[in-house]
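Colleague: Shown below is the structure under consideration.
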Amino acid sequence: MSEYITTYTGNHFKPTNPDPELIRIEDIAHALSLICRGNGHVKTFWSVGEHCICCAKEAAARGLSDRIVLACLLHDASECYMSDVPSPFKKELPEYQIWEEQLLCMIYKKFLGSGLTKEEQTRLDEIDHALLWYDLEILLGEKQQTEAPGLHIDLTYEVRPFEEVEREYLDIFTRTYK
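If you use this note's numbering, the sequence shown corresponds to residues -2 to 175, in order.
See below:
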């Protein structure tokens, strides 16, 4: 059994001993466009990549900086290399959480130059949680007990081919990466 995964671009990436030189935005965009939100327990396919695109668009619509827009686009990028683990289970896996956090910090450092400040993380979390509210309500049909958070974008949950999602992810990256 190997200690690495082979990425879309052909790199041999070790999620438990990551090399920042092997992190590729093409791998992130491709994999996230194919990974389903909610561990697949949704009424229709909705990719993690699409979710990240919506987060980035919401950040831009709120007038936040390109740095925050890019952070929103990248906030689930570690899932490209580690997959996603449902939150209730992840809470019981402290070592996984440490690896995931280290990898995400490495990704932020590579593409943003540094990790997020507390304020930046707060902005990102606000957007991520707002979109999660709609995911739960619409993708799972799970009635939320709180009022719908206001969004600055139209959220349609229109299923698109993964190639289109991948392309848009890379387009947003190109526009915001400095």
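C-beta atoms are modelled at their ideal positions from N, C-alpha and C, and glycine is treated no differently.
Answer yes if the segment 122 to 139 comes into contact with the segment 96 to 110, meaning at least three C-beta pairs across the two stretches below 8 Å, and no otherwise.
Modeller: Touching, no.
Colleague: I need the straight-line Cα distance from V39 to G46, nearest angstrom please.
Modeller: Between V39 and G46, the C-alpha separation is close to 15 Å.
Colleague: Expressed to the nearest angstrom, what Euclidean distance is found between the alpha-carbon atoms of E23 and Y166?
Modeller: Their backbone Cα atoms lie some 9 Å apart in a straight line.
Colleague: Report yes if the C-beta distance between E117 and I65 is below 8 Å; otherwise report no.
Modeller: Yes, they are a contact pair.
Colleague: By a C-beta neighbour count over all protein chains shown, 10 Å radius and 16 as the cutoff for buried, is S(-1) buried or exposed?
Modeller: Exposed, because fewer than 16 other Cβ atoms sit within 10 Å of the Cβ of S(-1).
Colleague: Assuming I33 is part of the alpha helix (DSSP H), what are its boundary residues?
Modeller: Checking the sequence, you will find Cys at residue 33 rather than Ile. First-last for C33: undefined, no H or E at that position.
Colleague: My assumption, with CB atoms under 8 Å, is that F159 sits in contact with L31. Please give the rounded CB distance.
Modeller: 5 Å between Cβ atoms; contact.
Colleague: Around the C-beta of K54, are 16 or more other C-beta atoms found within 10 angstroms, so that it is buried, or is it exposed?
Modeller: Looking at its Cβ environment, which holds 16 or more other Cβ atoms inside 10 Å, K54 is buried.
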